[in-house]
Amino acid sequence: MHKRETERAQLQRQLLAGNSIHMPAPRRIGKTWTIGRLAEDLRTKDWTVVQMDVQGMRTARAFAEDLCRRIAAQASVMKRIKAHFHARITTLASGELEKPLDILTKINPKDFIETLVRTLDQDKQPAVILIDEIAFFVLALAEADPVEAKDFVYSLRALQQRYRNVRWLMTGSIGLDIIARRYGLEGAFVDLQTFVLRPFTPAEARSLLRDPEFQAKLNNPFDADDADLDWMLDEIGWLAPYYLQMVANEVRPSVPPSATGSPHASRGDIAAAFDTVLQPDRRMNFAVWFEHVDKNFTESEAKLAFAMLARLSAHRNGERIDTLHAIATELQGSAAIRQTREVLMALCNDGLLTLQEERYAFQSGLVRRYWQVYQA
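In the numbering used here, the protein residues as written are 4 to 379.
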């Protein structure tokens, strides 16, 4: 239940139907793990799977080089496509080349990428290119050269349309839609089916916590009553695998084990685990959220986001948009409600906030407590 079986099956059906996918997923949700298992699923069904993580890349050339390396690393794939690929790049480069990457000194990276994709398309096996953290890459391109970024992302769209035997699955832990809107790139992604990877349900989270394999990796394996586990899940709030493991790993069960069971954790033991993970020496466990806002919003947006998050951290039940917009007005002298709403929407898309009954609040009670102590 907690191994994303349903999501993996749904993604496979989309790919089998010929669709390419954008899978937004907030940080710490288990996105990279999920696409790794999806890759294994597809390989058992004779798909060619190419996996890339493009966070940290800043140029189309780096993208092309990595795509080539990822394909070349699969000996069985290269054996099937080598002849066609070599003939094509030799033609493009107007001469013999010993290594495929040598061609990048002679032709445009986009032409090189198209050659790779065309070669995969002509293979008898269906192929999928899994690109992790696409939004970070698009943001880096756009910040360096908005014109080049637009040219590149629209060239990827053309490849998706032209070579239908190759599917694409692009994931990101920051809002691709926000970045695309900021730089006028939205049209490049309209053909992608959106598949949102969400936190665990309470039932899935309980399944994870009671999985013997999961328990075996904890500092102190434990059992707990259903009511106490439910309290733990409610306190975490946002049931991402990362935070479930973080808290569970600090539980120190105080009740000795029965003859056939594990030591038993009381509610007090679980509450103490929350206190432990919020100690000053654990701040790095949450630093990703501050860095995310600081790096991926404009300066004015980040200032507004931090001010609203400080206010929200003091209120478990959140605030209405008019209260939060007043903060924007105070900061900027005057502010459009649209800007406030777009910043809040981005924070919701990224998993930091949630909107329920017209109130914005921290998605995770654990992250809210961290923010209140260390960032407000």
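Every residue gets a Cβ at the ideal spot worked out from N, C-alpha and C, and that includes glycine.
- request: Would you check if the distance between the CB atom of MET55 and the CB atom of ILE177 is smaller than 9 Å?
  value: Their beta carbons are not under 9 Å apart, which means MET55 does not touch ILE177 by this criterion.
- request: Give the C-beta separation of SER316 and ALA276 to the nearest angstrom, bearing in mind that I take them to be a contact with Cβ-Cβ under 8 Å.
  value: No, SER316 and ALA276 are not in contact; Cβ-Cβ is about 21 Å, not under 8 Å.
field: Spatial distance of GLU302 from LEU356 (CA atoms)
entry: C-alpha separation (whole angstroms): 20 Å.
message: Suppose contacts are defined by Cβ-Cβ distances below 9 Å. Is GLY240 in contact with LEU347 by that definition?
response: no
- prompt: Leaving out the 5 sequence neighbours to the left and right, which residues in its chain are closer than 7 Å to ASN168 when beta-carbon positions are compared?
  reply: ASP124, PRO129, ALA130
Buried versus exposed, by CB contacts within 10 Å (16 or more), VAL150: exposed
message: Taking the beta carbon of GLN163 as the centre, do at least 16 other beta carbons fall within 10 Å, making it buried, or is it exposed?
response: buried
- prompt: Which word fits GLN13, buried or exposed, when buried means at least 16 other C-beta atoms lie within 10 angstroms of its C-beta?
  reply: Exposed, since its Cβ has fewer than 16 Cβ neighbours within 10 Å.
- prompt: Starting from PHE115 and walking both ways along the beta strand (DSSP E), at which residues does that stretch end?
  reply: Element bounds for PHE115: not the beta strand (DSSP E) but the alpha helix (DSSP H), 112-125.
query: Pairing CB atoms from the stretch 287-298 with CB atoms from the stretch 17-33, are three or more of them under 8 Å?
result: yes
query: Should THR439 be labelled buried (16 or more other beta-carbon atoms within 10 Å of its own) or exposed?
result: Because the chain spans 4 through 379 in this model, residue 439 falls outside it and cannot be assessed.
message: Please return the same chain residues whose Cβ sits closer than 6 Å to the Cβ of MET311, not counting the five positions on each side in sequence.
response: So the qualifying residues of the chain are LEU327, ILE330.
field: Counted within 10 angstroms of its Cβ, other Cβ atoms place LEU19 as buried (16 or more) or exposed
entry: Looking at its Cβ environment, which holds fewer than 16 other Cβ atoms inside 10 Å, LEU19 is exposed.
- prompt: Given that a residue counts as buried once 16 or more other Cβ atoms are within 10 Å of its Cβ, and exposed if not, what is ALA199?
  reply: Rather than Ala, the amino acid found at residue 199 in this sequence is Val. Per the 10 Å Cβ criterion, exposed.
query: Any idea what DSSP makes of VAL250, helix, strand or coil?
result: Here DSSP, grouped into helix, strand and coil, assigns VAL250 to helix.
- request: Specify, as a first and last residue, the run of the alpha helix (DSSP H) that GLY33 falls within.
  value: Counting along the chain, GLY33 falls outside any alpha helix (DSSP H), and DSSP gives it neither H nor E.
For VAL156, three-class secondary structure by DSSP: helix
- prompt: With C-beta atoms as the reference, is ARG255 less than 9 Å away from LEU236?
  reply: no
field: Alpha carbon of GLU345 to alpha carbon of ALA76, nearest angstrom
entry: 42 Å
- prompt: Leaving out five residues before and five after TRP234 in sequence, what residues of the same chain have Cβ atoms less than 8 Å from its Cβ?
  reply: ARG270, ILE273.
query: Under 8 Å from any heavy atom of the ligand GDP, does the C-beta of VAL141 make it?
result: Among the components modelled here there is no ligand, and therefore nothing to report on the ligand GDP.
query: Are LEU160 and ASP214 touching if we call contact CB-CB under 9 Å?
result: It is worth fixing the name first, because residue 160 is Arg in this sequence and not Leu. Not a contact, by the Cβ cut-off of 9 Å.
message: What does DSSP give as the partner residue(s) for GLY175 in the beta ladder?
response: PRO27
message: Less than 9 Å between the beta carbons of TRP374 and ALA305, yes or no?
response: no
- prompt: Between which two residues does the alpha helix (DSSP H) containing PHE139 stretch?
  reply: Taken as a continuous stretch (DSSP letters only), the alpha helix (DSSP H) holding PHE139 covers 137-147.
- prompt: Between which two residues does the alpha helix (DSSP H) carrying GLN335 extend?
  reply: Secondary structure note for GLN335: its alpha helix (DSSP H) is the uninterrupted segment 324-335.
- request: Find out if the Cβ-Cβ distance for the pair ALA243, PHE203 is shorter than 9 Å.
  value: yes
- request: Out of ARG72, ALA67, GLU8, ALA63, state which residue places its alpha-carbon closest to the alpha-carbon of ALA42.
  value: GLU8
- prompt: Roughly how many angstroms separate the alpha carbons of LEU100 and ILE110, rounded to a whole number?
  reply: Residue confidence for LEU100 is low, a pLDDT of 48 falling below 50, so the modelled location carries little weight; the figure read from the coordinates is stated next. C-alpha separation (whole angstroms): 13 Å.
message: Rounded to the nearest angstrom, what separates ILE116 and MET60 at their Cα positions?
response: 15 Å
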